[in-house]
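Notes follow the structure.
Protein chains in written order, with our numbering: chain W, 11 to 199; chain X, 15 to 188.
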């Protein structure tokens with residue numbers, strides 16, 4: 011391994027310009043992976059179908075994490091689900107955004123005393139935007155998505171970069187809560 | 015309605031004639047519960063199965079911590095004669111061990127794993143009894159036992175969010 015790969019640094023101006031252009035396109039076509047973990051997922055059908063019609067924002071459902079831009083964590087997360095969400099989030103290609111619904115992702119909500127439910131999602135995965143409400147109404151969901159689009163345009167949605175830069179911190183937190191992130195059940199043996 | 019009540023009465027008479035029933039209860043019109051000594055449970059279940067109660071709907075467990083006992087509740091169902099039967103028995107809490115019923119109801123395999131995981135009851139004869147089913151990498155006592163402190167476990171494992179303002183008080187309070 012004597013050869014070192016040289017990284018060619020683009021001039022700052024071009025880099026910024028290119029980022030701005032790509033962010034414009036990213037903001038106008040967001041494909042989402044709905045990880046319907048809790049009850050907030052029930053508000054998504056209204057937001058997606060004709061009444062609120064999410065598609066007019068350029069958002070659509072996507073089948074696999076590798077093709078998705080944004081992952082929606084809709085509600086409480088049990089430790090068992092958190093493992094799967096981490097799997098899904100790490101499979102997504104960058105840039106990726108995470109939207110958390112409801113109070114359960116903030117402080118555990120009504121599951122604050124449960125042995126099986128985590129309290130703060132942002133300890134384990136970076137969150138770009140929270141949507142408040144138990145459950146958030148479709149208006150709030152749409153408003154949250156519009157805010158997300160604005161954040162992407164103005165380069166404030168940088169959770170994925172945070173996850174890459176502070177990966178050791180996130181991993182340590184995940185291991186403290188989960189013991190081991192790897193999924194081992196009889197269906198994976 | 016009448017015929018159904020007669021049905022239930024006949025069933026109770028039949029079971030009482032064959033086994034030593036500790037107590038009979040009627041939670042609802044179409045439900046009967048029998049309490050058996052844990053030595054009689056298997057013969058009672060296999061008799062009821064041959065009498066038409068072919069479906070084990072669920073196996074549940076109750077932790078009577080003051081009496082130092084676990085109560086196992088087998089709910090069985092008959093598709094020809096719509097009476098739900100709860101077959102109940104008590105076992106010692108300290109040495110929580112019981113014999114499997116997988117030879118009578120094969121589907122009990124998973125319910126027994128469930129009860130083992132959440133209450134720590136060992137089912138002898140069920141080869142998968144110790145395998146994990148719902149909880150992954152569990153490292154404490156079974157969580158649905160009454161002496162398990164859920165809040166303490168949760169606080170030690172999943173950090174609480176700290177707030178600078180105390181939101182639990184109302185606006186007017188001091």
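Cβ coordinates follow ideal geometry from the N, Cα and C atoms, glycine included.
Within chain X, the residues placing a beta-carbon under 8 Å from that of residue 129 of chain W are 168, 172, 173, 174 and 175, ordered along the chain. As a beta-bridge residue in DSSP terms, residue 107 of chain W pairs with W:80. Under the Cβ distance rule, residue 153 of chain X counts among the residues neighbouring chain W, one pair being separated by less than 8 Å. Residues of the same chain with a CB within less than 7 Å of the CB of residue 72 of chain X, apart from the 5 flanking positions on each side, are 89 and 125 in chain order. The bridge partners DSSP lists for residue 111 of chain X are X:136. The Cβ atoms of residue 33 of chain X and residue 102 of chain X do not sit closer than 8 Å to each other.
Contact check between the region 90-102 of chain W and the region 52-66 of chain W: fewer than three CB pairs, one atom from each, fall below 8 Å, which does not count as touching. Ranked by how close their Cα comes to the Cα of residue 103 of chain W, the residues W:128, W:171, W:139 and W:30 have W:171 in first place. Counting only the Cα atoms, residue 57 of chain X lies some 19 Å from residue 24 of chain X. With the criterion set as a beta carbon lying under 9 Å from some beta carbon of chain W, the region 112-134 of chain X has no members that meet it. Within chain X, not a single residue places a beta-carbon under 7 Å from that of residue 85 of chain W; the smallest gap is close to 16 Å. Exclusion of the five residues before and after residue 24 of chain W leaves no residue of its chain whose Cβ lies closer than 6 Å to its Cβ. Beta-bridge analysis with DSSP links residue 49 of chain X to X:37 and X:102.
Around the beta carbon of residue 184 of chain W, 16 or more other beta carbons lie within 10 angstroms, which makes this residue buried. Excluding the 5 residues flanking it on each side, residue 129 of chain W has same chain C-beta neighbours closer than 7 Å at 117, 118 and 122, in chain order. Take residue 155 of chain X, set aside five residues on each side of it, and the residues of its chain with a beta-carbon closer than 8 Å to its own are 134, 161 and 162, in chain order. Here residue 116 of chain X is buried, its C-beta having at least 16 other C-beta atoms within 10 Å.
Following the DSSP letters along the chain, one finds residue 83 of chain X inside the beta strand (DSSP E) bounded by residues 83-91. Cβ atoms of residue 68 of chain W and residue 85 of chain W stay farther apart than 8 Å, at about 25 Å. Inclusion of residue 37 of chain W and residue 193 of chain W in the CB contact set at 8 Å is not warranted, their separation being larger than that value. Ranking W:188, W:45 and W:154 by CA distance to the CA of residue 81 of chain W puts W:45 first.
Taking a beta-carbon distance threshold of 8 Å, residue 30 of chain X does not count as an interface residue toward chain W.
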